[in-house]
Each structure stands twice: as structure tokens, then as C-alpha cells.
Amino acid sequence: MQINTFKLLFLSLFLALSFSGFATENKDAEGGDEELNIAEMILHHVSDNHSFHILDWDGHPVSVPLPVILWTNEGLVTFMSSEFHHDEDGKVVVEKKGQKLTYYHGKIYYANDSADASGKYVSVDEEGHATNARMLDLSVTKNVFSMLMSMIVLMLIFIGSARAYKKSENNIPRGIARFTEPLILFVKNDIAIPNIGEKKHKKFLPYLLTIFFFIWINNIFGLIPFFPFSANLSGNIAFTFALACLTFIITTLNGNKDYWKHIFWMPGVPVPMKLFLAPIELIGVFTKPIALFIRLFANITAGHIVILALISLIFVFRNMYGDVAGYAVSPVSVAFVVFISLIEILVVAIQAYIFTILSALYFGMATAEHDDH
Amino acid sequence: MLTPELGLIVWTTIAFGVLFFVLTKYAWKPILNSVNERESSIKGALEEAEKARLEMENLQADNERILKEARAERESMLKEAREMKNKMITDAKDEAQKEASKMIEQAQAAIESEKKAAMAELKSHVAGLAVDIAEKVVRDELTNKDKQMQLVESMLGDAKLN
């Protein structure tokens, strides 16, 4: 709770600063000097992308192209994202199977037949969103790439741990298993058993273990600020939504008679109260997973935004007060980044823990037997 | 940023599904089995140790009991021996007393008979001696007529008195 308060404080502080940066940029743009748009830069960094940007070298972006896989009106289309030539403003058109495709702000659209005045092949509404039609995009984006990498790492770590037990005598953990066993036992003894119970936890334990380590490792990967990490996967709402949906589906499928009875016909209260509680409980069934995915998304994205904003502080000061101010602010800024990063290391573990313990809690509620009524 | 991309949802579901099945089969189950096995073996070992401790306690109690019994036995044996000794001493004393008094009696009897014999011998000896003396006296007396007459006279006088 305290961490969240901290975060909110910092976030508001630096959002304010980034707006002043925004204003500076406008001033500079008029002067034709340098462009600095902190808000856009940060949003670009925390969003998904079809190529993995590593750095800018000599004014040119250096990035790893990723495969684009589209299910279009004409069927499956695949090509490498390098065909867009680093363009993200819908100015480059790729033609596949007689369809014109263009890339605008991280998403691929069907392109217009001709470019508008600014050279864009997309129609843009007042809020800056493209209104063109889209297709089913199953590309390996930055986030998907990061996810596949985390899968491989997780498999290596835990299959390696399982092997370590086979090699040792008396099932004593060796090597990497010495590190992973306390974590696995933590999930078992402190998450699964207290919430679901000794009898039924075995059924849900593999799911809880997988989700805990999957979220945690992707949170950690997001914190590492260079290629091939730094993707904001666990701060992406699609990712958290998918995982929360899984928790919701498992909860619903495992709900026993008592669980549904507590939702639709609450025992132990008068009939009018039962009628009153039923819709509330029914809404609760859906709000629980919604809170689950929004919490993870918001916490991780906020962490990324805070760190990026702190780094941007250097450039904001330079643009506002000149190079000296930029240099003067940088140690402070870096110190803050280190401080927040240390907190983030805690936060990412805590968020993985919270997601897992809440999932366990919901499973426990769905399978609880109420003998005491 | 706030609208979930369908593509990423699909990918996440697939990735999580694959990860779930692979890790469950090749990691969670073997690891948890190993941990459970170890836990049960530790539990077994602890139970065994507890059992051994109880056994040890029993053994110690047995030892104590046996020791106590042995001590009691020794005590009783000593007591018996002491009684036996005392009895033997008294028996021996009685026996000795009896023997001694018997011997004393025998000795007294022997002394008595010896005394009698000695008396008898002494008497006969004294008698002989008296006869001898008497013979000598008589011989001596009879040499003188008067005296012979005198003696006869006195003897007759004695005889009369008798």
C-alpha cells in the first residue's frame, strides 16, 4: 500500500514534469531545434511493437525485425517487420496478396489507396487513433518474443531443477534446485495450502506454480533495461487479461454446489436479503478477475512509466535550462532510478505473489465445503 | 494501451498452456514428488528416532529395575549369611559347651576313680605300713614280759569297753 502511495506521488510529479517537457518541445519545435515528446516516448516504450528496438546509432534506429503473421481477408500473410523500414507513422505500404498494409503506432492496418497531405496511408481521428480496418494480427511482437524467451528460460530452470533431484541421493536438492525449491515450497505451503486447503490444493498447485513463475519472470524481464529484455509484457493488458481469464475459467468450472448457492441464494439471511445479494454476488464473480488483471497491468506499467519519466527528467531539464542543467540533474535522476528500480524488484515479486494468492483464494472459495452452516 | 490486443491474448493463452503442460509433466510433478518423498522419509526417520528413544527409555528402566533387584538380592543374601553365621556360632558354642561339660564330667569321674584307686592304694599301703610298724613294735614289746602283760591288760581293758 505504501509502495503504491509512493508510486502515485512520483507518477503525478513526473507526469507534471513531462507535461512541462511537452510544452518545451513545442517551443523548441518552433525554433526548429530538437524534438522532445516525453509522453509519447514513454507510451511508445510501454506499448507493444512489431520490431525490437535496441538503440539509435548515428541517428538511425537499430532494431531486430520480428516476424509478422496476419490472418487477412485473403488468408495467411507472413513477412518480416523490417519491410516497414522502421516506419511507424503509416507512411510505408507493404503489398501482400494484393492487399496494401501499413504500420501505424505499433499496429498494422489496411492502408488507404493514397497518402494524405502528411504522407500517411491511414485516416486518423481527432485523438490520433487510426480508423482503418484491421486484421487478426498473430505476429511475434516484442511482447510475444519476450514471452517465448521467458518460456524457454522457465523450462530450462525448472526441468533442470527436476533433473537435479534425480541426480542426487535421498532427494536432496542440488545445484539450481537449491534455489528453486524454497520458491516452489513457498507457493505450496504459503499460497496453495492456506487458501485451498490440504486436501484439494494438489489439483491447483501446478497452475499456481506456473502462473507465479510466469508472471514473476516476465516482470523481471521487463525491469532489465536492454535487449533482449525490457518488453513490458506483464504490463500489457492483453497478457494480464488472458491470465485472469484462465483463473476465472478454472474458478467457474470448479465451483461446487456451495459456491453457487452462496452466489444466488445466500444461506443464513432472510429472503429479501437473498434477492438483494444475488446480483451483487454475481457482479462480484466478474469483478474479481477484472480487478486481478487491472491490478497487475497498472502496477507493472506504472513502474515502467516512473523509471522512464525519471530518466526523461535529464532531457527535460536540458531542454528547459540548457546542457548544464541536464548534466546537473542526471546524478539525481539516476539515483532516483536506482531507488525506484530497487523498489520495483520488490514490487514485481509482490505482484506475482498477489496474482497467485488471489487466484488460490478464488479456487479456495469455489471448492470450499461449508460444514459449519 | 488500454484495449487488449487479440493477438497477444491468443499468444499468451497458447504460451501459458504449453508452459503449463510441459512444466507440470517435466518439472512440477517430479519436483513435488521428490519433495514429498523426502518429507515422508524425514517423517519416517523422526518417528523411528522417537521409537528408538522410547525403547532406550524402556531399556534404561529395565536396567534400573534389574539393578534394584540385584541390590535387594545381595542385601537378602548378606542378611541370610549373617543369620547363618550367627546360628553357626551359637550352635558351635552350644556344642562346645556340651562337649566341655561332658569332658569335665568325664574328667571328674576319672579323677574320682583315680582318687578312689589312690585312696585304696594308700589304704593298703598304710595298712602294710601299720602292720610293719605293729610287727616291729610288737616284736620290740614282746621282748619284755611285763610290757607284754601290760599290753594285754590294756587291750583287754579296751575290749571290755567295747
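So the sequence lines, in the order shown, correspond to chains A and H.
Residue numbers for the first sequence follow the working numbering, so the first one is 1087 and each next one is one higher.
Residue numbers for the second sequence follow the working numbering, so the first one is 269 and each next one is one higher.
Where is the CB? At the ideal position from N, CA and C, for every residue including glycine.
This one's a predicted model, so the numbers in the text were calculated from it and none came from an experiment.
Around the Cβ of F1244 (chain A), a 10 Å sphere holds 16 or more other Cβ atoms; the residue is buried. Going by C-alpha positions, K1374 (chain A) is about 16 Å away from N1340 (chain A). Annotation: M1127 (chain A) to Y1448 (chain A) spans about 38 Å, alpha carbon to alpha carbon. Here the segment 1226 to 1238 of chain A makes contact with the segment 1133 to 1144 of chain A; the two share three or more CB pairs at distances below 8 Å. When C-beta atoms of the segment 1236 to 1254 of chain A are compared with those of the segment 1437 to 1445 of chain A, fewer than three pairs fall below 8 Å, so the two segments do not count as touching. Under the three-state reduction of DSSP output, M356 (chain H) falls in the helix class.
Remark: C-beta atoms of S1167 (chain A) and P1147 (chain A) do not approach each other more closely than 8 Å.
Distance from the CA of I1391 (chain A) to the CA of G1321 (chain A), rounded to the nearest whole angstrom, comes to 10 Å. Linking A375 (chain H) to E389 (chain H) through their CA atoms gives a straight-line distance of about 20 Å. Runs of the beta strand (DSSP E) spanning 3 or more residues and lying entirely within the segment 1171 to 1201 of chain A occur at 1175 to 1182, 1185 to 1190 and 1193 to 1196, in chain order. In terms of Cα proximity to L270 (chain H), the closest of A:T1387, A:S1416 and A:I1400 is A:T1387. Beta-bridge partners assigned by DSSP to G1161 (chain A): A:T1158. Chain H has a Cβ within less than 8 Å of the Cβ of V1230 (chain A).
Put simply, the CB of P1292 (chain A) is near chain H, with a gap under 8 Å to one of its CB atoms. Under a criterion of Cβ atoms nearer than 8 Å, no residue of chain A is adjacent to G312 (chain H); the nearest Cβ is some 12 Å distant. Taking a C-beta cut-off of 8 Å against chain A, the contacting residues of the segment 299 to 311 of chain H are I299, L300, S302, V303, E305, R306 and S309, listed in chain order. Within chain H, no C-beta atom comes nearer than 9 Å to that of A1216 (chain A); the closest sits roughly 13 Å away. Annotation for L1394 (chain A): I1128 and H1131 place their beta carbon closer than 7 Å to its own, counting only its chain and skipping 5 residues before and after.
The C-beta of P1365 (chain A) has fewer than 16 other C-beta atoms within 10 Å across all chains shown, which makes the residue exposed. For R407 (chain H), there are no CB contacts under 7 Å within the same chain when 5 residues up- and downstream are skipped.
Around M324 (chain H), no beta-carbon contact reaches into chain A at under 8 Å, the shortest distance being about 25 Å. Judged by beta-carbon spacing, F1327 (chain A) lies within the 8 Å limit of I277 (chain H), meaning their Cβ atoms are closer than that value.
Proximity of E315 (chain H) to chain A, defined by a Cβ-Cβ separation below 8 Å, is not satisfied. DSSP, reduced to helix, strand and coil, places W1302 (chain A) within a helical segment of the structure shown. Flagged as an interface residue toward chain H: F1325 (chain A), by a C-beta distance shorter than 8 Å.
DSSP, read as helix, strand or coil, puts P1268 (chain A) in helix. The Cβ of A1446 (chain A) sits no closer than 8 Å to any Cβ of chain H. The distance from the Cβ of M1352 (chain A) to that of V290 (chain H) is about 41 Å, inconsistent with a contact at the 8 Å cut-off. Boundaries for S1168 (chain A): no alpha helix (DSSP H) harbours it, and the DSSP string shows neither H nor E there.
Assigned with DSSP and collapsed to three states, D330 (chain H) falls in helix. Of all residues in the segment 1325 to 1348 of chain A, the ones placed with a Cβ closer than 9 Å to any Cβ belonging to chain H are F1325, T1326, F1327, A1328, L1329, C1331 and L1332, in chain order.
T1453 (chain A) has a beta carbon lying at 8 Å or more from every beta carbon in chain H. Taking C-beta atoms as the reference points, A1278 (chain A) and Y294 (chain H) fail to come closer than 8 Å. The three-state secondary structure of V1210 (chain A), taken from DSSP, is strand. As a beta-bridge residue in DSSP terms, D1223 (chain A) pairs with A:L1156. With contacts defined by Cβ atoms closer than 8 Å, F1325 (chain A) and L1319 (chain A) form a contacting pair.
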